[in-house]
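Presented below is the structure to which this report refers.
In the UniProt record's numbering, the protein residues as written are 1 to 548.
What follows is the structure, encoded as structure tokens:
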């Protein structure tokens, strides 16, 4: 049956005044009264199967209710108006001479379109999106792997440069030492001559004193003066000191990655992320730091604070629960440690995942997708404090079981690649038996707050001691937490004296942060905007602005 005629059929039968139909056509899906059932059978354009309403083979579709005639169902669809209508609407002037189709036909057409769309989504589009997502993941892994390789290559090249520089320095030092030896030999010879001449002059003085007191005419007459001899033989010293005056080079020694590494892959275009900030400019220290806020943390004793981003901080203390807060002091997330014991320190990966150390069983663990996983296990050593480097390496300060040795271990992809323990003379660099917070500076120095030694120890990327900072006054120095900022300044919490020391990357004292109400400052961290977060032992986290 043509849909147009079928719609007219619907209109004709549903104009019947009978409110309770007695029959149903299973093939046309119409409810009919007794009179209309006979009329319906006279339509020979298609087959019919009239059955009592209670014996119909299938339930009628759930027609939508008419918005204008709530008691009626919409069994027609007006094509020009693109709306479902009931038979009363179809008979009205509003839809006069409009083309109607049976709503079941409309539904079947829509279902066919849905079927086609579903097949397209399932068979093609969805799989393409999955492939794109997988490709992104693979590209992320490639970026990380490439970064790791570049960092390793850079460190290797750095070691070569260091060796060359060291060789040049040693050659120059040899020249200096040889020059010193030659000068000292000459001075020793002159010293011997002078000593002999001094003895000779002393003897001459005694001789002249005797002659002066003598009345021996013969002795006096034989006297000959030697004043001219002594005066003329007095040496004049002119030391040929060398000077060190390195030439000023016009070369630009700032090495760019594009000058060192040759690209072997095509570049890909990535839209700039909104809100991306340029590299920080020179941020000078404020004369008077400002307290931006206090975040109350639910710990009896607090150890560490680390920025997940500029809006959230992870914290840990003498509690088995790790807690994530926003800057309003609202608890966002809390996770219990794997063994139910409190962690010693925390760190944030480049993917914003949380790491923590468990001292007693020698493990470093990661919180990933709400679950705690063990990443590193060491034997004979207790990992205490951790931090990540610029290139993604993990630095771990650890003590031996007997607490008589300590060291810093570097892990790349959680594989040990470096040990920093002894200086050039075979002495331990760090004291043992205590927690030592550590961080990496922008110049790749490793900075360790050695609380037991009352010293901040700074070593270079090769583990060679650059300098030690012990404070600038006679007051006891109690270094605990340590962090660095965008200007390569080093910030150290002086727990006993309730203040923060700020020194430059070469160990020169710059300023204090005090008069901010600090109480027993422990762990420190600095966000991307150089806001300082101070974990206080009993008073939560204090947020401080200390630079412009």
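Ideal Cβ positions, reconstructed from N, Cα and C, are used throughout, including at glycine.
Rounded to a whole number of angstroms, what is the C-alpha to C-alpha distance between residue i and residue j?
| i | j | result |
| --- | --- | --- |
| residue 289 | residue 515 | 9 Å |
| residue 260 | residue 157 | Confidence in residue 260 is poor, its pLDDT being 40 and thus under 50, which makes the residue's placement unreliable; the coordinate value appears in the next sentence. Their backbone Cα atoms lie some 10 Å apart in a straight line. |
| residue 353 | residue 366 | 7 Å |
| residue 256 | residue 154 | A caution first: residue 256 carries a pLDDT of 41, below 50, which makes its placement in the model too unreliable to give a value. |
| residue 268 | residue 143 | Confidence at residue 268 is low in this model, with a pLDDT of 36, below 50, so its placement is unreliable and no value can be given for it. |
| residue 295 | residue 370 | 24 Å |
| residue 192 | residue 231 | 18 Å |
| residue 553 | residue 106 | One cannot answer for residue 553 here, as it falls past the ends of the chain, which runs 1 to 548. |
| residue 342 | residue 363 | 13 Å |
| residue 204 | residue 184 | 30 Å |
| residue 7 | residue 35 | A caution first: residue 7 carries a pLDDT of 47, below 50, which makes its placement in the model unreliable, though a value can still be read off. Approximately 19 Å between the Cα atoms of the pair. |
| residue 557 | residue 32 | The chain is shown from 1 up to 548; residue 557 falls before or after that span and cannot be answered. |
| residue 421 | residue 190 | 48 Å |
| residue 538 | residue 133 | 46 Å |
| residue 453 | residue 199 | 54 Å |
| residue 310 | residue 528 | 7 Å |
| residue 68 | residue 138 | 57 Å |
| residue 433 | residue 397 | 11 Å |
| residue 416 | residue 151 | 15 Å |
| residue 550 | residue 111 | Limits of the chain in this structure are 1 at one end and 548 at the other, which puts residue 550 out of reach. |
| residue 114 | residue 83 | 19 Å |
| residue 174 | residue 439 | 36 Å |
| residue 166 | residue 379 | 36 Å |
| residue 431 | residue 425 | 16 Å |
| residue 187 | residue 177 | 15 Å |
| residue 410 | residue 357 | 15 Å |
| residue 28 | residue 85 | 19 Å |
| residue 312 | residue 458 | 29 Å |
| residue 235 | residue 194 | 8 Å |
| residue 414 | residue 377 | 10 Å |
| residue 131 | residue 517 | 55 Å |
| residue 451 | residue 135 | 48 Å |
| residue 206 | residue 170 | 53 Å |
I'd like to know whether the C-beta atoms of residue i and residue j end up nearer to each other than 8 Å.
| i | j | result |
| --- | --- | --- |
| residue 446 | residue 344 | no |
| residue 488 | residue 443 | yes |
| residue 389 | residue 541 | no |
| residue 467 | residue 506 | yes |
| residue 75 | residue 101 | no |
| residue 78 | residue 72 | no |
| residue 412 | residue 283 | no |
| residue 301 | residue 317 | yes |
| residue 406 | residue 428 | yes |
| residue 306 | residue 348 | yes |
| residue 584 | residue 325 | Outside the displayed range of the chain (1 to 548) lies residue 584, so it cannot be described from this structure. |
| residue 437 | residue 385 | yes |
| residue 399 | residue 381 | yes |
| residue 387 | residue 395 | yes |
| residue 220 | residue 211 | yes |
| residue 441 | residue 484 | yes |
| residue 372 | residue 423 | no |
Less than 8 Å between the CB atoms is what I'm expecting for residue i and residue j, so what's the real figure, rounded?
| i | j | result |
| --- | --- | --- |
| residue 456 | residue 292 | Wrong, their Cβ atoms sit about 26 Å apart, outside the cutoff. |
| residue 25 | residue 49 | 6 Å |
| residue 320 | residue 340 | 5 Å |
| residue 148 | residue 392 | 7 Å |
| residue 500 | residue 513 | 4 Å |
| residue 22 | residue 52 | 7 Å |
| residue 472 | residue 509 | 5 Å |
| residue 304 | residue 535 | 6 Å |
| residue 547 | residue 286 | 6 Å |
| residue 233 | residue 197 | 7 Å |
| residue 475 | residue 497 | 6 Å |
Who are residue i's beta bridge partners in DSSP?
| i | result |
| --- | --- |
| residue 547 | 285 |
| residue 398 | 383, 407 |
| residue 335 | 322 |
| residue 509 | 503 |
| residue 490 | 484, 503 |
| residue 374 | 365 |
| residue 526 | 532 |
| residue 311 | Answer is none; residue 311 lacks a bridge partner. |
| residue 100 | 78 |
| residue 456 | 449, 469 |
| residue 32 | 23 |
Using only the heavy atoms of the ligand FMN, determine whether one of them is closer than 7 Å to the beta carbon of residue i.
| i | result |
| --- | --- |
| residue 107 | Here there are no bound small molecules, and the ligand FMN is not part of this structure. |
Is the number of C-beta pairs between the region 516 to 524 and the region 474 to 482 that are closer than 8 Å three or more? yes
Three-pair Cβ contact test at 8 Å for the region 82 to 94 versus the region 107 to 124: no
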